[in-house]
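Read in order, the letters of the sequence shown correspond to residues 7 to 130 in this note's numbering. Ideal placement from N, C-alpha and C gives every residue a C-beta, glycine not left out. These figures come from a predicted structure and were not determined experimentally.
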Amino acid sequence: KDIIALGFDRNLTYIFRNTDAIQWLYPSILKIQKHLTFSQVAATLGLTRSDSVGKAAFPALQAAPAFCTSFPQKLFPTNNHQLSCLVPCAIDQDPFFRLARDLAPRLGSPKPVLLHTRFLPALQ
Numbered sequence: 007k008d009i010i011a012l013g014f015d016r017n018l019t020y021i022f023r024n025t026d027a028i029q030w031l032y033p034s035i036l037k038i039q040k041h042l043t044f045s046q047v048a049a050t051l052g053l054t055r056s057d058s059v060g061k062a063a064f065p066a067l068q069a070a071p072a073f074c075t076s077f078p079q080k081l082f083p084t085n086n087h088q089l090s091c092l093v094p095c096a097i098d099q100d101p102f103f104r105l106a107r108d109l110a111p112r113l114g115s116p117k118p119v120l121l122h123t124r125f126l127p128a129l130q
C-alpha cells in the first residue's frame, strides 16, 4: 500500500475503499448532504444549473471519510468521538476537503487535516 510506503504506521492507519466501507460512510454522507447547499458546491466546483445531480451529490461522498464518525467500528472503541482525520490526497481532491473543513463546525467535528501530494499512484 502506497500510504504505508510514505511512512504511515500500519497499526495507526486505516486504509479503505469507499465502496467497501459504504455501510459506515452512508450515515455521514446523509448528514453532510443535509448541511451542504447546492450554492456551496456550485461555487466550489464551478457547477451550473445544467450539470447532473450526481455532480452536486458527489462532494458528500468524497468528504465523508474526513470525519471520524464515519468509522465507528474502527475509531469509537477509543471512546474519542473527536478524533481528527489526516487525509492524504492529491491536489485534485482539495475542493472536496475544503468543503469538509468548512462543514466541520456545523457537524460538531474537528476539521480534517490535509496532506497534499502532487499525485499518489493508484492503489492496486
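Which residues DSSP lists as bridging residue 119, in chain order: 92
Helix, strand or coil for residue 21 per DSSP? The answer is coil: DSSP assigns residue 21 none of H, G, I, E or B.
Minimum C-alpha distance to residue 29 - residue among 122, 63, 76, 93: 76
Would the beta-carbon of residue 93 fall within 8 Å of that of residue 120? yes
One question on the structure: do residue 113 and residue 42 come within less than 8 Å of each other, judged by their Cβ atoms? no
Out of 21, 22, 102, state which residue places its alpha-carbon closest to the alpha-carbon of residue 47. 102
Hey, how far is the Cα of residue 80 from the Cα of residue 74? Note on geometry: alpha-carbon atoms of residue 80 and residue 74 lie some 9 Å from one another.
Measure from the alpha carbon of residue 66 to the alpha carbon of each residue in 31, 23, 53, 20, then state which is nearest. Cα-wise, what sits closest to residue 66 is 31.
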